[in-house]
Amino acid sequence: MSTPAVVLTPIASIDGRITPGAGGPLLAAGVSKRWESLWARDTVDLVQQRSDYLVDRFSPRVTLEGADSFITSSAPTRPSKVDGSWPRPPAQCLRGEAESLLAVTDSRGRVEWTHQQKGRTELVVLIAESTPIDYVRALYDREISYLTIGRSQVDLRRAVRELAALTGTTTIIGAGGGHLNGALCRAGLVSELHLITFPSVVGVVGSTSFLEGAEQPIGTVTRLGEIHGSHGSTWTQYAMTRPYSKRHLNVTHVLH
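The following block contains the structure:
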């Protein structure tokens, strides 16, 4: 099974931040509103141009997010409670065919999901063998699709392969936060970076950047093209080159 390409799509201030401050899930309504209030008048147009381009070029059917997009990074991990009266849920549960998938890594069982589908996009939660059993049971009982990929954490390389095989896609859109983006880069899974920057400086302690978690520099990029908006925003396309060290290409790279 070939490994699909992952294309990262962050929207960042010129100092590389993707949140307006510390704390708060990236996709929470209040956080999103504060974040978009910092955008320039041309940012929305560039975001739409980028989306149209990626659809025309790749026809992607999978978007990959991390749990931190939906909860605060300080949210408690669910205790590993095991009730002997429960039969163990199956390792995977796919509720049906959808036009596209939103895959979210959550091996620690921190997101309380209340829906399984939005329009033609179905939610698929990526978990691990170590994920608390009551969380897996909750997903199963709520008819939320999930896949168990990895032992103690989500194995990203396996995850992108299985998601691609399920949908027949060759490209996955990475729309997560800095930790997921960093993990994908360190695993050698990212082929391109489509970065939109807007002319604001955040600089707030605790606000995250679009790449986080690396102990050493990840590698280099080659600029493929650039589109400038009329009010200072820029959409820059990069090709990811090989990491500085082969040890970053860990075929079992995992993410919480």
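Going letter by letter, the sequence shown gives residues 1 to 256 in full-length UniProt numbering.
Think of the CB as a built atom: it goes at the ideal place given N, C-alpha and C, for glycine as much as any other residue.
Quantities reported herein were computed from a predicted structural model and do not represent experimental measurements.
Limits of the unbroken beta strand (DSSP E) element including V201: Counted from its first residue, the sequence shown places residue 201 at position 201. From DSSP, V201 is part of no beta strand (DSSP E); its letter is neither H nor E.
Could you check if A239 is buried or exposed, using at least 16 other CB atoms within 10 Å of its CB as the buried criterion? Against the sequence shown, residue 239 aligns to sequence position 239. The residue is exposed, with fewer than 16 neighbouring Cβ atoms inside 10 Å.
Segments of 4+ residues assigned as alpha helix (DSSP H) that fall wholly inside the region 157-235: Counting only runs that start and end inside the region 157-235, the alpha helix (DSSP H) elements of at least 4 residues fall at 178-186.
Looking at the unbroken alpha helix (DSSP H) that takes in L54, where does it start and where does it end? Working through the sequence shown from its first residue, we reach residue 54 at position 54. Judged by DSSP secondary structure, L54 falls within the alpha helix (DSSP H) whose first and last residues are 43-58.
Short check: CB of D68 to CB of L26, under 8 angstroms? Indexing the sequence shown from 1 puts residue 68 at position 68. Indexing the sequence shown from 1 puts residue 26 at position 26. With contacts defined by Cβ atoms closer than 8 angstroms, D68 and L26 form a contacting pair.
Taking a contact to mean a Cβ-Cβ separation below 8 angstroms, would you say Y146 touches V111 in this structure? Taking the first residue of the sequence shown as position 1, residue 146 is located at position 146. Taking the first residue of the sequence shown as position 1, residue 111 is located at position 111. Not in contact: Y146 and V111 (Cβ atoms no closer than 8 angstroms).
Looking only at its chain, what residues have a beta carbon closer than 8 angstroms to the beta carbon of R50, apart from the 5 residues adjacent to it on each side? Taking the first residue of the sequence shown as 1, we reach residue 50 at position 50. So the list reads T9, H194, I196, W235, once near-sequence residues are dropped.
Since A5 is in the beta strand (DSSP E), which residue starts that stretch and which ends it? Stepping through the sequence shown from its first residue, residue 5 is reached at position 5. Segment 5-8, the beta strand (DSSP E) holding A5.
Could you give the DSSP three-state label for A239: helix, strand or coil? Counting from 1 along the sequence shown, the entry for residue 239 is found at position 239. Reduced to three states, the DSSP call for A239 is strand.
Supposed close pair A159, I144 - CB separation, criterion 8 angstroms: Residue numbering aside, residue 159 sits at position 159 when the sequence shown is read from its first letter. Residue numbering aside, residue 144 sits at position 144 when the sequence shown is read from its first letter. That pair is no contact at about 17 angstroms.
Contact under 8 angstroms by Cβ, A103 with T121: On the sequence shown, residue 103 is found 103 positions in, with the first residue counted as 1. On the sequence shown, residue 121 is found 121 positions in, with the first residue counted as 1. No, these two residues do not count as a Cβ contact at 8 angstroms.
Cβ of A164 within 8 angstroms of Cβ of I172? As a position in the sequence shown, residue 164 is number 164, starting the count at 1. As a position in the sequence shown, residue 172 is number 172, starting the count at 1. Yes, these two residues count as a Cβ contact at 8 angstroms.
Can you tell me whether DSSP reads A98 as helix, strand or coil? The residue labelled residue 98 in the question sits at position 98 within the sequence shown. DSSP places A98 outside both helix and strand once states are collapsed to three, so it counts as coil.
V136, DSSP secondary structure in three states: Your numbering for residue 136 matches position 136 in the sequence shown. Taken through DSSP and simplified to helix, strand or coil, V136 comes out as helix.
Compute the Euclidean distance between the alpha carbons of A28 and T19, then round it to the nearest angstrom. Sequence index remark: in the sequence shown, residue 28 carries index 28 (1-based). Sequence index remark: in the sequence shown, residue 19 carries index 19 (1-based). A28 and T19: Cα-Cα distance of roughly 11 angstroms.
Count the other CB atoms within 10 Å of the CB of D15; is the residue buried (16 or more) or exposed (fewer)? Here residue 15 is taken as the residue at index 15 of the sequence shown, counted from 1. So D15 ends up on the exposed side.
What do you get for Q216, buried or exposed, if any count of 16 or more other CB atoms within 10 angstroms of its CB means buried? Position 216 of the sequence shown, counted from the start, is the residue given in the question as residue 216. With fewer than 16 other Cβ atoms inside 10 Å of its own Cβ, Q216 counts as exposed.
Mind checking A22: buried by the 16 CB within 10 Å criterion, or exposed? Here residue 22 is taken as the residue at index 22 of the sequence shown, counted from 1. So A22 ends up on the exposed side.
Any idea what DSSP makes of R34, helix, strand or coil? Translated into the one-based positions of the sequence shown, residue 34 becomes position 34. Helix.
Quick check: S37 and V202, are their CB atoms within less than 8 angstroms of each other? For this step, residue 37 is matched to residue 37 along the sequence shown. For this step, residue 202 is matched to residue 202 along the sequence shown. The Cβ atoms of S37 and V202 lie no closer than 8 angstroms to each other.
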